[in-house]
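So the sequence shown is numbered by the working numbering: it starts at 14 and just counts up by one.
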Amino acid sequence: MSKPTVLVTRKWPSEVEEELKAKYDVTLNEKDVPMSIPELQAAFQNYDCVCPTVTDPINAEVLSVENKKAKIIASFGVGFNHIDLDAAKKENLVVTNTPEVLTDCTADIAMTLLLSAARRTSEGERELRAGKWAGWRPTHLRGTQVTGKTLGCIGFGRIAQATADRAHFGFGMKIIFSDPYMPSDEVINKYNATPCSSVEEVLEKADFVSIHCPGGESTYHLMNKERIGMMKKGAYLINSARGDVIDNDALIEALKNKTIAGAGLDVFEGEPELNPGFLDCENAVLLPHLGSASTETRIAMGMRVLENMEAYYSDKEPGDRVA
Ligand code: DGY
């Protein structure tokens, strides 16, 4: 029997690409150039399986293309707000993602952002590189102490819990959270965490607010001007989830007016374009969507895609099916 044909939309770690080559009739994206809508549509017409990643717009326009051959979308990444799941279901497409394998790596970045924003490490490095360091002095670049402060998680799924683990056991932080789905008592007790009845309650109490909810319509601009205004004046906003959960213009205004102390951001509205307003905010730590960017994790994500494909092509239910 001939091997299924597979299209991979971006360059993947070579270890994973080798496995793909051994098992499938695969077309790789060696040059790593993002694909256009017509190219994605053609992929759905010409391949049995399409393997996109979190930046490919797999929307209704792409999925409703005529004469589709594809039966499965095996996505590289845990987030799936780039895929129109309703359209995929309508077109009888199976959709999978790659949860769990990037949890620790992303929690590491959330803590990196939190610590960097609080301790002004980006400002310090910019000063040093610009040759402007005038030496140690008692009032130089004083930041905010992290140890013992309150971390408020908006969303308390796997990545939030891994962040809470680091914050609570590593930095003695008190954990509060809001989530429409209440975690088990075991999870709550593990971090001695306090559930809040609303996002607003978290905002009023937390010294550090960390976003851990999924992206998409239901969370679009959840952190709008009004809610950012509910944060404590000395608080920090951390985002390692999706950029459009925060109204970026409203955040820039708050950072410039110092109505909050700072922000640590790994994701942005409209990325990879960056709202130029952020460049004037010394109190913002900005990273280019590095949450899962360790060699080990990116390989594990690719291998997880392969596991899902293998299940699908052995007539089993893929472990990470989201549609
Ligand atoms: C994901 O997998 O959704 C991340 O954003 C990529 O790190």
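All C-beta atoms in this analysis are idealised placements derived from N, C-alpha and C, irrespective of residue type, glycine included. Fair warning: this is a prediction, and the values are worked out from it, not measured in the lab.
Same chain only: Cβ atoms within 6 Å of residue i, ignoring 5 sequence neighbours per side
i	result
G275	A130, Y249, N296
K238	A263
L98	A336
E140	W146
D192	G168, F169
R255	G228, V280
A100	A73, L76
A324	P331
I85	C62, V107, Y325
K187	T163
G137	L154
Cβ shell of residue i (< 7 Å), same chain only, five flanking positions each side left out
i	result
T66	T22, R23, S88, F89, G90
N110	S88, G90, V91, F93, D333, V335
I265	N288, G290, F291, C294
N80	Q58
Candidates the options, of which the one nearest residue i by Cα
i	options	result
V108	L141, V114, C64	C64
G45	L20, E32, A55	A small correction: the amino acid at residue 45 is Asp; Gly does not occupy that position in the sequence shown. Selected option, being the one with the closest Cα: L20.
D178	E286, T119, V78	T119
N270	P285, G247, G283, A254	G247
V212	E104, R311, V222, Q174	V222
I122	S253, E282, N205	S253
I71	K82, S49, Y194	S49
M195	K187, C209, E30, N205	C209
D61	K102, S15, E30	S15
E309	K187, E286, V29	V29
K36	R150, T157, T18	T18
V78	E330, G148, E104	E104
Q158	Q174, R132, R150, R142	R132
V39	D328, S327, M322	M322
Near the ligand DGY: residue i beta-carbon under 6 Å from a heavy atom
i	result
V67	yes
V108	no
V91	yes
S305	yes
Boundaries of the alpha helix (DSSP H) in which residue i is found, first to last residue
i	result
D38	Element bounds for D38: not the alpha helix (DSSP H) but the beta strand (DSSP E), 38–40.
A73	73–76
F57	50–59
Y325	308–326
N202	198–203
N261	261–270
C118	116–132
Contact test: residue i Cβ vs the ligand MG heavy atom, cutoff 6 Å
i	result
S327	In the structure shown, the ligand MG is absent; the only ligands present are the ligand DGY.
Short Cβ contact (7 Å threshold) for residue i with residue j
i	j	result
A180	L164	yes
L235	V215	no
M244	I201	no
L41	V75	no
T160	F182	no
T116	I172	yes
I251	A267	no
G228	W25	no
C6	F190	Since the first residue shown for the chain is 14 and the last is 336, residue 6 is missing from the structure and cannot be characterised.
N261	E282	yes
V114	A313	yes
L319	E31	no
Nonlocal neighbours in the same chain, by C-beta distance under 8 Å from residue i, ignoring five residues either side
i	result
V298	L126, S129, A130, T134, S135, G275, A276, G277, L278
P47	T22, R23, T68, D69
A175	T116, D117, T119, A120
Y233	D257, V258
N205	H181, K187, I188
For residue i, the first and last residue of its enclosing beta strand (DSSP E)
i	result
K187	187–191
V298	297–299
S223	221–224
I85	85–87
L287	Per DSSP, L287 belongs to no beta strand (DSSP E) and is neither H nor E.
A274	No beta strand (DSSP E) contains A274, which DSSP labels as neither H nor E.
T68	No beta strand (DSSP E) contains T68, which DSSP labels as neither H nor E.
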